[in-house]
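Participant: Going by the numbering used here, 118 is the number at position 118 of the sequence shown; the sequence numbering is gapless. Glycine residues also receive a C-beta, built at the ideal position from the N, C-alpha and C atoms. Everything numeric in this text was worked out from a predicted model, so none of it was measured.
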Amino acid sequence: NTQVVPLDMTLGPGEESARVMAITGPNAGGKTVTMKTVGLCLLMALSGIPVPAGEGTSIPFMTGLLVDIGDEQSVEAHLSTFSAHATNIARIIKSSGPGSLVLLDELGTGTDPSQGAALGAAVLQELSDKGALVLATTHLVDIVGYVHKSEAMVNASMTFDEETMRPLYRLRRGEPGQSHAIETAATYGMPASVVERAKELAGTIQVEFEGLVRDLQARRLTLEREEEAAAKEREALGLERRDLKKKLKEADSEKKNIIRKAYEDARAIVRSVKREAAGLLDKAKKDKSKAALKSLDTVGKVLDSQIDALTEKPEPIPMDELEEGMRVYVTTIRLDADVVSIDKKNKRVRVNASGKELEVAAKTLLPPENIPKAAKVRTHLVERTTKASSEIKLIGMRVDEALERLEPFLNSASLSSLDFVRVIHGIGTGALRSAVREHLEEHPLVESYRPGDQHEGGDGATVVTLR
């Protein structure tokens with residue numbers, strides 16, 4: 001019915017560990033068993049024997065296990081308890097180095113406590129300097145104090161139940177423990193009178209040691225409270241940050257809604273005027289008044305430019321966010337389309353709009369949800385009542401300006417299922433003509449092109465056959 005108490009230990013270099021651990025605590029409290037357990041686990045691991053340890057346990061490859069455990073006194077060899085320990089430890093120091101695990105039981109015992117403690121502290125420092133990992137047990141207060149001041153070393157203790165006066169066999173890292181020798185002796189039948197007298201004679205050293213323990217425990221408690229307070233503060237700041245982000249998002253959404261409503265109101269007014277103008281356009285067509293047609297078409301374009309000025313300009317979809325199959329809104333043709341392929345090098349995108357594939361500049365693609373419905377259905381007055389124009393005049397334009405106008409013209413003509421279009425660029429220096437024909441050479445919507453015939457404008461125009 002004996003309950004097994006697991007051992008949880010970290011030993012080694014690093015911020016969360018140390019090369020040297022000094023274990024203190026009650027007699028018969030498990031110090032030596034703890035040390036032997038570590039040594040046996042290392043030997044089992046090195047021998048390929050399964051180690052009785054939990055998941056995540058890490059046992060490094062060590063080149064040597066050096067041990068000083070037990071009383072090796074010998075009359076024949078003229079060795080007292082202290083000299084036997086000293087002889088053994090001297091051999092250990094000589095053989096130790098990086099990759100060595102050293103186990104020292106009851107370090108500093110067998111001689112005057114003050115000198116034994118000084119010698120024990122010096123041994124620990126020497127082994128640490130040589131790069132060895134050290135696990136030592138001791139009852140000497142001065143060794144505990146030395147370990148406490150060293151960054152490369154750490155104190156640990158075996159826990160003790162103060163109420164039942166029984167050891168708990170659990171290793172507690174970071175705190176030294178008291179030997180509880182008097183209390184332990186009492187549980188093993190020491191006469192009460194002897195126990196009481198021993199308590200009276202414990203003296204100043206015990207008081208000082210208990211003060212050190214209380215100081216360490218108080219520091220640990222303070223650190224735990226500070227850590228808890230810091231965690232609560234971090235949690236509160238996180239909640240405040242999330243709340244602020246939520247409010248900013250809501251404010252931004254409200255701002256967009258207000259702006260969108262203003263744009264819709266403005267567009268409603270313009271659409272009302274355009275409907276009236278459309279009626280006049282139909283009447284003018286019936287009367288075959290070319291002057292009236294041209295005048296009304298100009299009015300439509302002016303109104304469209306006013307709408308553009310009022311319309312919020314959404315940001316185009318970033319190039320690295322475009323994906324094949326993505327639904328987009330193409331500004332040059334004012335239609336939703338699906339992305340077919342992406343040319344990131346030239347920043348061009350092939351899209352499918354209403355069954356027609358065409359290539360457009362990436363900067364003309366917007367998220368469909370950011371486009372007001374009115375903007376999607378809005379077109380020029382002439383576009384409402386007639387098919388797309390079969391010709392475009394680029395005379396007098398700069399090359400970049402002309403190519404920018406040519407692209408939506410070709411897209412619109414293709415969507416309107418036109419077979420032929422005419423591009424009027426003039427002759428001039430020939431720069432614009434060459435640029436236009438070079439652009440048509442690789443255009444995905446163009447089947448072929450040729451200079452215009454005499455009645456089509458000659459070499460000042462290019463006739464394009466669409467796919």
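Look at the alpha carbon of Ser96 and the alpha carbon of Gly131, and state the distance between them as a whole number of angstroms.
Facilitator: Counting from 1 along the sequence shown, the entry for residue 96 is found at position 96. Counting from 1 along the sequence shown, the entry for residue 131 is found at position 131. As the crow flies, the alpha-carbon of Ser96 is around 8 Å from that of Gly131.
Participant: Considering only residues of the same chain and omitting the five flanking positions on each side of Thr472, which have a CB-CB separation below 8 Å?
Facilitator: Since the displayed the chain opens at 1 and closes at 467, residue 472 lies outside it and no answer follows.
Participant: So the beta strand (DSSP E) Leu358 belongs to, where does it begin and stop?
Facilitator: Numbered from 1 along the sequence shown, position 358 holds the residue referred to as residue 358. That run of the beta strand (DSSP E) goes 356 to 361.
Participant: For Met326, report the span of its alpha helix (DSSP H) as first-last.
Facilitator: Here residue 326 refers to the residue found at position 326 of the sequence shown. Element bounds for Met326: n/a, residue is neither H nor E.
Participant: Thr34 and Ile23: beta carbons closer than 8 Å?
Facilitator: Locating residue 34 in the sequence shown gives position 34, where the first residue counts as 1. Locating residue 23 in the sequence shown gives position 23, where the first residue counts as 1. With contacts defined by Cβ atoms closer than 8 Å, Thr34 and Ile23 form a contacting pair.
Participant: Phe61: buried (16+ other C-beta within 10 angstroms of its C-beta) or exposed?
Facilitator: Here residue 61 is taken as the residue at index 61 of the sequence shown, counted from 1. So Phe61 ends up on the exposed side.
Participant: Which residues in the same chain as Gly48 place their Cβ atom closer than 6 Å to its Cβ, once the five residues preceding and following it in sequence are excluded?
Facilitator: The sequence position of residue 48 within the sequence shown is 48, counting from 1. Excluding positions up to five away in sequence, the list is empty.
Participant: Write down every uninterrupted run of the beta strand (DSSP E) in the segment 86 to 150 whose length is 3 residues or greater and which is fully enclosed by it, in chain order.
Facilitator: 100 to 104, 133 to 137
Participant: Considering Asp336, what are the terminal residues of the beta strand (DSSP E) in which it resides?
Facilitator: Within the sequence shown, numbered from 1, the residue matching residue 336 stands at position 336. Here the beta strand (DSSP E) through Asp336 covers 335 to 343.
Participant: If I'm right that Leu42 touches Leu101 with Cβ under 8 Å, what's the distance once you round it to whole angstroms?
Facilitator: Taking the first residue of the sequence shown as position 1, residue 42 is located at position 42. Taking the first residue of the sequence shown as position 1, residue 101 is located at position 101. Yes, Leu42 and Leu101 are in contact; Cβ-Cβ is about 6 Å, under 8 Å.
Participant: Only counting the same chain, and skipping five residues up and downstream in sequence, which positions put a Cβ closer than 6 Å to that of Ala136?
Facilitator: Reading the sequence shown from its first residue, position 136 is the one you call residue 136. Once the five neighbours on either side are set aside, the close Cβ partners of Ala136 are Ala22, Leu104, Leu107.
Participant: My assumption, with CB atoms under 8 Å, is that Leu322 sits in contact with Val340. Please give the rounded CB distance.
Facilitator: Stepping through the sequence shown from its first residue, residue 322 is reached at position 322. Stepping through the sequence shown from its first residue, residue 340 is reached at position 340. The pair is not a contact, with the Cβ atoms about 11 Å apart (cut-off 8 Å).
Participant: Just tell me which of Thr37, Leu46, Arg166, Gly54 has its CA closest to the CA of Ile69.
Facilitator: Position 69 of the sequence shown, counting from 1, holds the residue named residue 69. Of Thr37, Leu46, Arg166, Gly54, the residue nearest in Cα terms is Thr37.
Participant: Who are the Cβ neighbours of Phe420 in its own chain at under 8 Å, not counting the five residues just before and after it?
Facilitator: Mapped onto the sequence shown, residue 420 falls at position 420. These residues qualify, in order along the chain: Ser390, Val463, Val464, Thr465, Leu466.
Participant: Just curious, the beta strand (DSSP E) that Val195 is in, first and last residue?
Facilitator: As a first step, residue 195 is located in the sequence shown; it is residue number 195 there, counting from the start. Element bounds for Val195: not the beta strand (DSSP E) but the alpha helix (DSSP H), 192 to 201.
Participant: Do Ser179 and His148 come within 8 Å of each other at the CB atom, strictly closer than that value?
Facilitator: Indexing the sequence shown from 1 puts residue 148 at position 148. Indexing the sequence shown from 1 puts residue 179 at position 179. No, they are not a contact pair.
Participant: Excluding the five sequence neighbours on either side, which residues of its own chain have a C-beta within less than 6 Å of the C-beta of Asp8, listed in chain order?
Facilitator: Translated into positions along the sequence shown, residue 8 becomes position 8. Apart from the 5 residues on each side of it in sequence, Asp8 has no Cβ closer than 6 Å to any other Cβ in its chain.
Participant: Taking Pro98 as the reference, which of Arg398, Gly428, Val20, Pro6 has the closest Cα?
Facilitator: Walking along the sequence shown from the start, residue 98 turns up at place 98. Considering only alpha carbons, the answer is Val20.
Participant: In the DSSP assignment, find the beta strand (DSSP E) that holds Pro521 and state where it starts and stops.
Facilitator: Outside the displayed range of the chain (1 to 467) lies residue 521, so it cannot be described from this structure.
Participant: Give me whichever residues DSSP pairs with Tyr449 in a beta bridge.
Facilitator: Taking the sequence shown and counting its residues from 1, one reaches residue 449 at position 449. In DSSP, Tyr449 forms a bridge with Val464.
Participant: On the DSSP bridge list, what partners appear for Glu391?
Facilitator: Taking the first residue of the sequence shown as position 1, residue 391 is located at position 391. Paired residue(s): Arg422.
Participant: Is the beta carbon of Gly131 within less than 7 Å of some heavy atom of the ligand HEM?
Facilitator: Within the structure as shown, the ligand HEM is missing, as the structure has no ligands at all.
Participant: To the nearest angstrom, report how far apart Asp112 and Phe82 are at their CA atoms.
Facilitator: By 1-based counting over the sequence shown, the position of residue 112 is 112. By 1-based counting over the sequence shown, the position of residue 82 is 82. Rounded to whole angstroms, Asp112 to Phe82 spans 10 Å at the Cα level.
Participant: What distance in whole Å lies between the Cβ atoms of Leu358 and Ser414, which are believed to be in contact at a cut-off of 8 Å?
Facilitator: For the purposes of this step, residue 414 is identified with residue 414 of the sequence shown, where counting begins at 1. For the purposes of this step, residue 358 is identified with residue 358 of the sequence shown, where counting begins at 1. The Cβ separation is near 6 Å, so the contact holds.
Participant: Since Met158 and Ala18 are thought to touch, with beta carbons under 8 Å apart, how far apart are those beta carbons, to the nearest angstrom?
Facilitator: Within the sequence shown, residue 158 is the residue found at index 158, counting from 1. Within the sequence shown, residue 18 is the residue found at index 18, counting from 1. At roughly 18 Å, the Cβ-Cβ gap does not stay under 8 Å, so Met158 and Ala18 are not in contact.
Participant: By the three-class DSSP mapping on this structure, what secondary structure does Met35 have?
Facilitator: To locate residue 35, count along the sequence shown from 1; it is residue 35. Note: Met35 maps to helix in three-state DSSP.
Participant: Excluding the 5 residues preceding and the 5 following Met319 in the sequence, name in chain order all residues of the same chain whose CB lies nearer than 7 Å to its CB.
Facilitator: Along the sequence shown, one-based indexing puts residue 319 at 319. Correct list, in chain order: Lys344, Lys347, Ala362.
Participant: Can you name the start and end residues of the beta strand (DSSP E) that Asp400 belongs to?
Facilitator: Here residue 400 is taken as the residue at index 400 of the sequence shown, counted from 1. It is not in any beta strand (DSSP E) - Asp400 instead sits in the alpha helix (DSSP H) that spans 399 to 415.
Participant: For Gly12, does the count of other Cβ atoms within 10 angstroms reach 16, so buried, or fall short, so exposed?
Facilitator: What you label residue 12 is simply residue 12 of the sequence shown in a count that begins at 1. Counting Cβ neighbours within 10 Å, Gly12 comes out exposed, since fewer than 16 surround it.
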